[in-house]
Structure formats: C-alpha cells, structure tokens
Amino acid sequence: MSRKRIFDLIQIIGGTFILAVSVEFFILPYNILSGGVAGIAVALEPFFHIDKTLFANAAVLSLLIAGWAVLGKDFARNTLISSLCYPVFTTILARHPADLTIDPLLASFYAGLLGGVGIGFVMRTGASTGGMDIPPLILHKLTGMKVSTLVMITDALTVMLGILAYDINAALLGLISVMASGFGISRVLEAGRGIKVKNVQIISEKWEEIQAAIRTDINRGTTIFDCQGGYTGKPRKMILCVVAERQYTALTAVIQAIDPHAFVIITDTSDMLGEGFTYSSPNI
Numbered sequence: 007m008s009r010k011r012i013f014d015l016i017q018i019i020g021g022t023f024i025l026a027v028s029v030e031f032f033i034l035p036y037n038i039l040s041g042g043v044a045g046i047a048v049a050l051e052p053f054f055h056i057d058k059t060l061f062a063n064a065a066v067l068s069l070l071i072a073g074w075a076v077l078g079k080d081f082a083r084n085t086l087i088s089s090l091c092y093p094v095f096t097t098i099l100a101r102h103p104a105d106l107t108i109d110p111l112l113a114s115f116y117a118g119l120l121g122g123v124g125i126g127f128v129m130r131t132g133a134s135t136g137g138m139d140i141p142p143l144i145l146h147k148l149t150g151m152k153v154s155t156l157v158m159i160t161d162a163l164t165v166m167l168g169i170l171a172y173d174i175n176a177a178l179l180g181l182i183s184v185m186a187s188g189f190g191i192s193r194v195l196e197a198g199r200g201i202k203v204k205n206v207q208i209i210s211e212k213w214e215e216i217q218a219a220i221r222t223d224i225n226r227g228t229t230i231f232d233c234q235g236g237y238t239g240k241p242r243k244m245i246l247c248v249v250a251e252r253q254y255t256a257l258t259a260v261i262q263a264i265d266p267h268a269f270v271i272i273t274d275t276s277d278m279l280g281e282g283f284t285y286s287s288p289n290i
C-alpha cells in the first residue's frame, strides 16, 4: 500500500471519528437539527420514538446500499470505509457519553464546526461520508437538477421537520450548526491546497518597462495580450500577471513608479496551478 493511500485512510478514519464526536457529544444530546442523518434522527425521534443513534447508523448503511445501487460501485468503494466506521464510532461513543453541560448555542456551533472538520478531512481524499450526501446525488442522476439545489432542499426539509417536532428556536439553532459545518468543511479543504494569489491585469503605454520590472524586481512571469481601447479605438497592450499575496504590494509599487496612470485590474484568486506556484515557488 502506498504512503498516500495510508495517509488517505488515516484522514478518512480520523475525519469520521471527529464527525461521530460531533454527533454523539453535541447533536444528539442537545437535539440539534443539523443537515445530516443525525439531524433527521433528531427531527423524527418525537414522532417515532426510535433511538437516535440506532436510527442514524441504520440510515447511513441503508443510504450506502442505495448509493451503490444507483450511483455505482466506484462511489460505494469511496464511501464504504467512512460509512462502516461511522456506526462503530457512534455506538462506542454512545456507551461512553461526555458529561457536558453547555449553552445550546455553543453546542450547535461546535457541533457544526467539528462535523464540518471531520467531513472536510474525508472529502480531501476524494471520498464521502455518505449519509445525507447520497439522496441529492441520486436525485441529481435521476432528474439532472443541481446537486447544490438538492442539498439545500434536503436541509430545508430537515428544518421543517424540526419546526413540527420542536419549535422555531430549534430550527434556528440548527441553521447555526449548518453554517458552522460549511465553514469547517471549506477551511479544511483549503488548508495546504495552495496559496492565495492575485490576478493582475495592467494596461499602460509603458507596458514594456513594467513587464521588464515585474520580471526582474518581482521575479514573476507575464503574458501580453493585444487589446483595443473601447473609447479611442487605439490598439493597446495588456499585461497579465499572477503574484502571491505577499508580492502584491511590491508589484503595485513597481507599477506606480513607472506609470502612475496605468489602468490596473486586481482579482483575488484562491489557488494557482503551474510553474512558479505548484511546481517551483522559491520566492513565495
């Protein structure tokens, strides 16, 4: 087994354990209406009086089978490890509950944050935690609707169930958990995946001087585009340059020193792939 595969397995198992901690220490004890199977278990418990941990575990395994049948064996293989580890971890943690007494608002926030971090670690490997990720994917395959739209519908139905079973306060607490989960997922997925960069477009009569200065002073490459002024109709040159965030101040100083009247467009970019960034980046 390769080193990468071992590291991926560690992330999947560790992430699933963090998710189980979120469920058993926060979501289920405080009846938080999160968007996953645990949130569904919380919403349905007042109607059917089924043990929440048992329902969540059964739902995860049932949805895995449904995903295998509809989405194929490749999906099931990528989801299998997390889906099998999840009920094991939740069952163990349910037998050893944490003696926590905290404000429900904090419980909702940390439930979402921990759950998001756990899901993020699993998703970094290209796998899935299964559960309520699966119904939107199945419906997407059958209907062609956007997955993001179907996920929102699924979460909305969970909240509506929660309002019927509890009250509006429970639903609002659940929304805090959902937002915190989204934050946790995005932070984990972005960690170590790249660097923040700025995409800079420069239009100047002194483009040759600016291009040379960027190459020598900033140690960055440039791309030159032919363009035309919309008002004057005159042909112009535009410089395209991508720099690391820490190089941005030096770049603007170079531009201002050469041509204070240069027209500059700056766009924040979350990542960059290519030479000088992912291949070699001695100055970043």
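Counted from 1, the sequence shown has number 252 at position 246 by our numbering; the numbering is strictly sequential.
Where is the CB? At the ideal position from N, CA and C, for every residue including glycine.
Since this is a predicted model, take the numbers as computed values, not measurements.
- The count of Cβ pairs closer than 8 Å, one atom from the segment 144-153 and one from the segment 25-40, stays below three, leaving the stretches out of contact.
- Residue state for residue 274 is assigned as strand, using DSSP reduced to three classes.
- Beta-bridge partners of residue 241 (DSSP): 234.
- Taking all protein chains in view, the Cβ of residue 91 is crowded by 16 or more other Cβ atoms within 10 Å, so the residue is classified as buried.
- Bounds of the beta strand (DSSP E) holding residue 205 are 203-209.
- The C-alpha of residue 86 lies about 14 Å from the C-alpha of residue 21.
- 8 Å or more divides the Cβ of residue 118 from the Cβ of residue 68.
- If one requires a minimum length of 4 residues, the alpha helix (DSSP H) runs lying completely within the segment 52-133 are 58-77, 79-101 and 110-130, in chain order.
- Your pair residue 38 and residue 179 checks out as a contact, with CB atoms roughly 6 Å apart and the cut at 8 Å.
- Counting only unbroken stretches of 4 or more residues, the alpha helix (DSSP H) elements lying wholly within the segment 135-199 are 140-149, 153-171 and 174-196, in sequence order.
- A direct Cα-to-Cα measurement between residue 106 and residue 32 gives close to 9 Å.
- Remark: C-beta atoms of residue 163 and residue 142 do not approach each other more closely than 8 Å.
- Under the criterion of beta carbons closer than 8 Å, residue 40 and residue 121 qualify as touching, at roughly 7 Å.
- Around the beta carbon of residue 269, fewer than 16 other beta carbons lie within 10 angstroms, which makes this residue exposed.
- DSSP places residue 268 outside both helix and strand once states are collapsed to three, so it counts as coil.
- Annotation: residue 183 to residue 176 spans about 11 Å, alpha carbon to alpha carbon.
- Judged by DSSP in its simplified three-state form, residue 50 adopts helix.
- Assigned with DSSP and collapsed to three states, residue 258 falls in helix.
- Under DSSP, residue 250 takes part in a beta bridge, and its partners are 203.
- Taking residue 248 as reference, the option from 235, 237, 271 and 240 with the minimal CA-CA separation is 271.
- In this structure, DSSP gives residue 229 an extended state, which the three-state scheme calls strand.
- For the set 206, 35, 266 and 212, the Cα lying nearest the Cα of residue 96 is the one of 35.
- The residues 41, 138, 141 and 142, in chain order, have a CB closer than 8 Å to that of residue 160 in the same chain once the five nearest residues on each side in sequence are set aside.
- When secondary structure is reduced to three states using DSSP, residue 20 falls in the helix class.
- Residue environment for residue 241: exposed (fewer than 16 other C-beta atoms within 10 angstroms of its C-beta).
- In summary, residue 130 is buried, with 16 or more beta-carbon neighbours lying within 10 Å of its beta-carbon over all protein chains present.
- Taking a C-beta distance under 8 Å as the contact criterion, residue 212 and residue 264 qualify as a contact pair.
- Residue 88 counts as buried, since at least 16 other C-beta atoms from the protein chains shown sit within 10 angstroms of its C-beta.
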